[in-house]
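One structure below.
In our numbering, the protein residues as written are -18 to 296.
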């Protein structure tokens, strides 16, 4: 009798609630913070006080959350056998069996189609941008992630697409300097993460590292991190300085976020860049992203920058 009960329990399919939670977990909600970049045009165009534009920008951000979730679903389906052998990835909903692969496939297709349809509903430019993001990320997941430097360049381009989608959604022009700054900032963060991972691999602190790390060289990567850090600071400085200039051609004619006080935010940017470099060089097993989120000094610096920028936007 007891054996019969045990057998029936083992063959019970996952509950609807369990599958729903499995889908949500596979969508990686903790990664959605990246999609705040979609809201950058709303802020820098000083349109955040307009309810209609705010709703459109938030809709675009949610669509990017769905787009990223679609990629995660397909990626986990594709890598299921490899993830089952990984010490931590095997605990994810699909490799662990919490989310049946058949359900995951249906969820991925429905979410993907819905995301593309929703993005085109916001306008053709938004639809093209989101579709390009999906195609680029599928290419990254299935092959391009193993090419050194191209992998982080694709990730950085994804952040640029977020900013462009946010601008298209609310029909505003975003400064070319801000777009360039977004790319180099994202590239810097990506290279910094690779540098941290490579250092851990060299010290023998990880057993299952990214395959692409075998194609990076320590001296080349360190130079790239420093070079891109300098480029990020330089471009942000140009953006802030030219925002106060009435003359052309450096300043965009369509940039409403123009203030003679914007250069006072340069020290916050410089400190944030250098602080991140300091953190990635720490002998810590934590990822640079986790280190940033738990670093009080960095968080205070970001909050101060946000406070100053918000003040400048309102005056």
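Here a beta-carbon is modelled for each residue, glycine too, at the ideal position from N, C-alpha and C.
8 Å Cβ shell around residue i - same chain, five flanking residues per side excluded
| i | result |
| --- | --- |
| residue 245 | 289 |
| residue 240 | 224, 225, 293 and 296 |
| residue 269 | 170, 173, 174, 177, 257, 260 and 261 |
| residue 44 | 96, 99, 100, 103, 107, 111 and 146 |
| residue 276 | 256 and 260 |
Whole-Å CB distance - residue i paired with residue j, under 8 Å assumed
| i | j | result |
| --- | --- | --- |
| residue 88 | residue 160 | About 33 Å; that fails the 8 Å criterion. |
| residue 254 | residue 213 | 6 Å |
| residue 380 | residue 95 | Past the boundaries of the shown model lies residue 380; the chain is included only from -18 to 296, so the question cannot be answered. |
| residue 166 | residue 202 | Going by Cβ atoms, the distance from residue 166 to residue 202 rounds to 17 Å, so no, they are not a contact pair. |
| residue 47 | residue 115 | The pair is not a contact, with the Cβ atoms about 10 Å apart (cut-off 8 Å). |
| residue 146 | residue 21 | Actually they do not touch by this definition, with Cβ atoms about 10 Å apart. |
| residue 150 | residue 37 | 5 Å |
| residue 168 | residue 209 | 5 Å |
| residue 58 | residue 86 | 6 Å |
| residue 135 | residue 117 | 6 Å |
Residue i in three-state terms, based on DSSP
| i | result |
| --- | --- |
| residue 60 | coil |
| residue 73 | coil |
| residue 122 | helix |
| residue 134 | helix |
| residue 4 | helix |
| residue 242 | coil |
| residue 153 | coil |
| residue 30 | coil |
| residue 186 | coil |
| residue 262 | coil |
| residue 267 | coil |
| residue 9 | coil |
Contact set for residue i: own chain, Cβ-Cβ below 6 Å, skip 5 residues either direction
| i | result |
| --- | --- |
| residue 55 | 89 |
| residue 84 | 0 |
| residue 65 | 71 and 76 |
| residue 93 | 51 |
| residue 119 | none |
Span separating the alpha-carbon of residue i from that of residue j
| i | j | result |
| --- | --- | --- |
| residue 217 | residue 143 | 18 Å |
| residue -10 | residue 52 | Because the pLDDT at residue -10 is just 35, under 50, the model does not fix this residue reliably, and the value given afterwards should be weighed accordingly. Distance between the alpha carbons of residue -10 and residue 52: 33 Å. |
| residue 205 | residue -2 | 46 Å |
| residue 17 | residue 77 | 31 Å |
| residue 264 | residue 273 | 14 Å |
| residue 260 | residue 27 | 33 Å |
| residue 34 | residue 186 | 47 Å |
| residue 283 | residue 291 | 12 Å |
| residue 73 | residue 82 | 12 Å |
| residue 113 | residue 141 | 12 Å |
| residue 231 | residue 7 | Confidence at residue 231 is low in this model, with a pLDDT of 45, below 50, so the placement of that residue is unreliable and no value is reported for it. |
| residue 156 | residue 287 | 19 Å |
| residue 250 | residue 137 | 18 Å |
| residue 298 | residue 79 | Since the displayed the chain opens at -18 and closes at 296, residue 298 lies outside it and no answer follows. |
| residue 181 | residue 128 | 20 Å |
| residue 195 | residue 183 | 10 Å |
| residue 200 | residue 12 | 30 Å |
| residue 63 | residue 124 | 15 Å |
| residue 29 | residue 68 | 44 Å |
| residue 39 | residue 130 | 31 Å |
| residue 25 | residue -4 | 45 Å |
| residue 164 | residue 132 | 13 Å |
| residue 105 | residue 32 | 22 Å |
Proximal residues to residue i (C-beta, below 7 Å), its chain only, five neighbours per side dropped
| i | result |
| --- | --- |
| residue 348 | With the chain represented from -18 up to 296, any question about residue 348 goes unanswered, as that position is not in the structure. |
| residue 192 | 127 |
Residue range of the unbroken alpha helix (DSSP H) whose run includes residue i
| i | result |
| --- | --- |
| residue 282 | 277 to 295 |
| residue 180 | 157 to 183 |
| residue 86 | 82 to 102 |
| residue 199 | 199 to 223 |
| residue 22 | 21 to 25 |
Short CB-CB distance (under 8 Å) between residue i and chain B
| i | result |
| --- | --- |
| residue 14 | Reference to chain B is not applicable here, since this structure consists of a single protein chain. |
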